[in-house]
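Per the UniProt record's numbering, the very first residue in the sequence shown carries number 1; after that it's consecutive.
The C-beta atom is built at its ideal place from N, Cα and C for all residues, glycine as well.
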Amino acid sequence: MTHQIAVIEGDGIGQEVIPAAIEVLESLDLDLEFVDGEAGDAVKADTGEALPQETYDLAADADATLFGAAGETAADVILPLRDAVDSFVNIRPAKAYPGVDAVRPETDLVFLRENTEGVYSGHEDDLSDDLSTLTRVVTTSASEKLAAFACDYVEDSDDHDGFSVVHKANVMRKTDGRFRDGVVGVADERGVETDEVLMDAFATHVCLDPEQFDVVVCPNLAGDVLSDLAAGLVGGLGLLPSANIGDDNALFEPVHGTAPDIAGEGIANPTATILSAAMLLDHLGYSEESQRVETAVESVLAEGPRTGDLGGNADTDEMTAAIVDRL
Ligand code: NAI
Ligand code: MG
């Protein structure tokens, strides 16, 4: 059966790292059909819309979407795209690979970030010249849905025993209280072990001793910030993939943005996007191929050639070719 993959490069290095990931996917000779869609700053400048309806529909109808990054218009692109695929959880692994000069080489974490609400629910208002407000939305249903996913995630794998729940329910008693109660409640019912960590304390603990954590379940903003922090521990933003999972659809994207400081030079690290493509393969049932891609990436990270952000002097094409070679 042919799987249709929506491919949205977006802006900046999205236009360099997505073709790299497609090259890797094409080299596997699977029954995948790639359909291109447009989104981002350049499309907005042309048409007035950062995410044209046809791109939204393309992502909604495809079996999975691979997205690069959007610049200034990121929020107008990625939030609706996550909605197009009905995504309720953002999976963000942060793993230090051998050979990469990581601040904490022992780091091996997976963030499961709530992906629909919290402070990213879009309810912001200007109430006066002096006052703006934001409504933070937390529902029991979304918290429990995330928890059920987290329980499946740890039960389906031999590598995980339980998960940490990160929140700030001591201050945001109603919203994070509801989040905590929803998540821990489901885990308790399912007999999955959890521990709770306040999100500010987590930031310190994960820097000092990342090995005490494994799977980390977070509200939306905390997951965004803490996974970028973890990127710093494992060697930089060029390495972190992510998956936005919905009930019937999914979207895969690097954690990084358009990297305007290096865009157009052909030197972006393709690892984050190639690992996102590996997550896409796993999602579509190609788990063996997914593992092969990760192993090839791991081998190139260890032996080179590596891009400049990793201390090497390879360009995007050379690093990608080396990964394809090892497949
Ligand atoms: P960024 O992730 O684009 O860049 C941060 C730093 O990391 C830069 O120094 C960049 O060169 C480096 N970097 C990122 N990815 C890299 C890669 N693959 N290889 C080598 N170096 C890499 O974040 P920044 O600078 O905060 O945002 C730039 C633009 O990207 C903004 O317009 C922002 O709105 C957008 N953005 C979009 C996202 C999305 O579409 N999902 C996510 C984050 C930012
Ligand atoms: Mg982010």
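Residue i, enclosing beta strand (DSSP E) - first and last residue
i, result
"Asp125", "124-126"
"Phe67", "64-69"
"Gly10", "3-10"
"Ile91", "87-95"
"Leu58", "Careful: Leu58 lies outside any beta strand (DSSP E), inside the alpha helix (DSSP H) at 53-61."
"Arg82", "Note, Arg82: premise wrong, no beta strand (DSSP E); alpha helix (DSSP H) at 74-84."
"Val137", "Looking at the DSSP string, Val137 is not in any beta strand (DSSP E), and its letter there is neither H nor E."
"Asp36", "32-37"
"Ile323", "Segment 316-326 is the alpha helix (DSSP H) holding Ile323; no beta strand (DSSP E) there."
Range covered by the alpha helix (DSSP H) that runs through residue i
i, result
"Ser276", "271-283"
"Pro254", "Segment 250-254 is the beta strand (DSSP E) holding Pro254; no alpha helix (DSSP H) there."
Any non-hydrogen atom of the ligand NAI within 8 angstroms of residue i CB
i, result
"Glu38", "no"
"Glu9", "no"
"Leu237", "yes"
"Glu72", "yes"
"Pro98", "no"
"Pro260", "yes"
C-beta atoms of residue i and residue j nearer than 9 angstroms
i, j, result
"Asn249", "Ala84", "yes"
"Asp101", "Gly235", "yes"
"Ile13", "Leu66", "no"
"Gly238", "Pro254", "yes"
"Glu16", "Ala268", "yes"
"Gly99", "Ala231", "no"
"residue 380", "His160", "Any property of residue 380 remains undetermined from this structure, which presents the chain solely from 1 to 327."
"Asp200", "Thr194", "no"
Secondary structure of residue i, DSSP reduced to three states
i, result
"Asp46", "helix"
"Phe149", "helix"
"Ala102", "coil"
"Ile262", "coil"
"Asp129", "coil"
"Val166", "strand"
"Pro19", "helix"
"Leu109", "strand"
"Leu208", "helix"
is_contact[residue i, chain B] using C-beta, thresh 9 angstroms
i, result
"Leu30", "Checking the listed chains, one finds no chain B in this structure; it contains a single protein chain."
Beta-carbon proximity list for residue i, same chain, < 8 angstroms, skipping 5 on both sides
i, result
"Ala50", "Ala39, Gly40, Asp41, Val43, Lys44, Ala70, Thr73, Asp76, Val77"
"Gly311", "Asp101"
"Asp126", "Ser132"
"Met1", "Asp31"
Neighbourhood of residue i by C-beta, 6 angstroms cutoff - its chain only, sequence neighbours within 5 removed
i, result
"Ser299", "Arg326"
7 angstroms CB neighbourhood of residue i in its chain, flanking five on each side removed
i, result
"Asp247", "Asp86"
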